[in-house]
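Notes for the one structure printed next.
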Amino acid sequence: MSMNNTTPSNPKKQCLSVVNKDEVVVVDGGGGGRWDSLNPEILALIFTRLSAEERVGVLPVVCKSFAACVHGPYCWAEIDIDQWCRKMDRTGFQVDSAVRKLARRTRGTVRRLSAFKVGDPGFAYVANCGRFLRVLQIPMSDVTDKMVERHAISFENMAVLDISYCLKITCKGLESFGKNCKTLVHLRRNMPLPEVLPSYNVNGTGIKPDDSEAMIIADTMPGLQHLELCYGRFGHVGLEAILAKCTALTHLDIRGCWSVKLDGDLEDRCYRLQEFKSPWHDEFDTEASSGSDSDGANADVESSSDED
C-alpha cells in the first residue's frame, strides 16, 4: 500500500491507492468527490488500510475533511505502529509519545495496540482508555511489574496478549494479567535465544528449571487456547500443569524449552492438540507439528476476538 508514483506535488491533488485483496479503489482528491460531505466513518474505513505513518503525515494536509477524520477516533480503533517503531529504532520516549498521541485520539475506544519498546508511561496511558482493548502486542517493551500490577484491571476485556521479550515483567506481572484478564485466549510469552541472554535459559548453563511462570499461567489463565512459550525455563512439571488446567488449549509452542522432558504420556497429550511445536521442532519438517500454520491460527484468534 503506497502513494501513487504519479502523485502531483500539490497534496490536494493526491490520489490514494487503497488495496483490498484483489480490488484496487482509487480515491481521487482532484475535485471528483465531495469529501466534506462524506461520513467520517466511511473515510476511516478507507484510511485504516494505509499505514499509521501515512495517516499521520500525509492525510491531514490533503483537505479539512481528511484532517478532521484523522484527528478523530474512527481511524485509531486499531493502533498498529510496530513497523514504525522498528524501522528507525525509535527510543522509548518516542514510542511512548506516539502511543499517547494516538490513544488520545481514540477517545477511549481503542481495540488494539501493536507497538515495540513501549515503556511505563505509554502502557499507563493506554490502560486509562483501554476498557475496550482486545489485543495488546508490546514485545521487547520496558513495562515493569509495578505498572502491570497497577493497571492490569483496566484490560479486563483483553483477548490477545503479546509480552514476548519483556524482561522487566516477571511472575508478578504475569499473575496480575492472569487474575484480571479473564477473557484472555492467546498469550505470547517468548523469551530471548540463549546466545542473546545466556543467563535466562537452562541449556548448558547449569541453572535448574524454573516452573514458576508456567504454574502461574496454569493457575490464572485456564481459558487459554493459544500459548507460545519459546525458550522458557520451565520443565515437565510446568508443562504438566498447563495441560491439566488449560483445558481449552489447542495450540502450544514450546520451541527451545530444553528442560522439558516429554516422558510418559506427556508427549501424546501434547500431540493431541490441534498444533504443537516441541522443544526440538524443525520448521522444515512437515511432520514435526500437528495442525495448521501458526500464523493462520493467530489470525483466527485475533479475528474472532474482534467479532466479540
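Okay, so the sequence shown: first residue is 1 according to UniProt numbering, each after it adds one.
Even glycine gets a Cβ: it sits at the ideal position worked out from N, Cα and C.
All values derive from a computational prediction rather than experimental measurement.
In this structure, the CA atom of Ala98 is about 15 Å from the CA atom of Arg107.
Here Lys277 is buried, its C-beta having at least 16 other C-beta atoms within 10 Å.
Taking 7 Å as the cut-off, the Cβ atoms of Leu133 and Val110 count as close. Arg188 and Glu228 have their alpha carbons spaced roughly 5 Å apart. The continuous stretches of beta strand (DSSP E) do not include Leu243, which lies in the alpha helix (DSSP H) extending over residues 236-245. Judged by DSSP in its simplified three-state form, Leu262 adopts coil rather than helix or strand. When DSSP states are grouped into helix, strand and coil, Phe276 belongs to the strand group. Shown here, Arg86 sits in a helix according to DSSP, grouped into three states. Every beta strand (DSSP E) of 3 residues or more that sits fully in the stretch 117-171 is shown, in chain order, as 135-137, 160-162.
Put simply, the backbone Cα of Met140 is about 8 Å away from that of Leu167.
Secondary-structure assignment with DSSP links Arg189 through no beta bridge to anything. By the Cβ neighbour-count rule, Met147 is buried, with 16 or more other Cβ atoms within 10 Å of its own.
Look at Arg105 here: in three-state DSSP terms it is helix. Closest in C-alpha terms to Leu193, from the list Ile138, Ile217, Asp211, Gly256, comes Gly256. Counting C-beta pairs closer than 8 Å gives fewer than three between the stretch 150-158 and the stretch 90-97, which falls short of the contact rule. Of the residues assessed, Arg272 falls on the exposed side of the cut-off, its CB having fewer than 16 other CB atoms within 10 angstroms.
Phe116 has its alpha-carbon roughly 11 Å from the corresponding atom of Phe123.
Here Arg86 is exposed. Its C-beta has fewer than 16 other C-beta atoms within 10 Å.
A Cβ-Cβ distance of about 10 Å is found for the pair Cys246 and Ala214, leaving them out of contact under the 8 Å criterion.
A distance below 6 Å between beta-carbons, with the five flanking residues on each side excluded, links Asp265 to no residue of its chain.
For the 7 Å CB-CB criterion, Thr220 and Glu175 form a contact.
By the neighbour-count definition (other C-beta atoms within 10 Å, threshold 16), Met158 is a buried residue. For Leu174, the secondary structure class from DSSP, reduced to helix, strand or coil, is helix.
In its chain, beyond the 5 residues on either side, Cys171 have a beta carbon closer than 7 Å to the beta carbon of Ser212.
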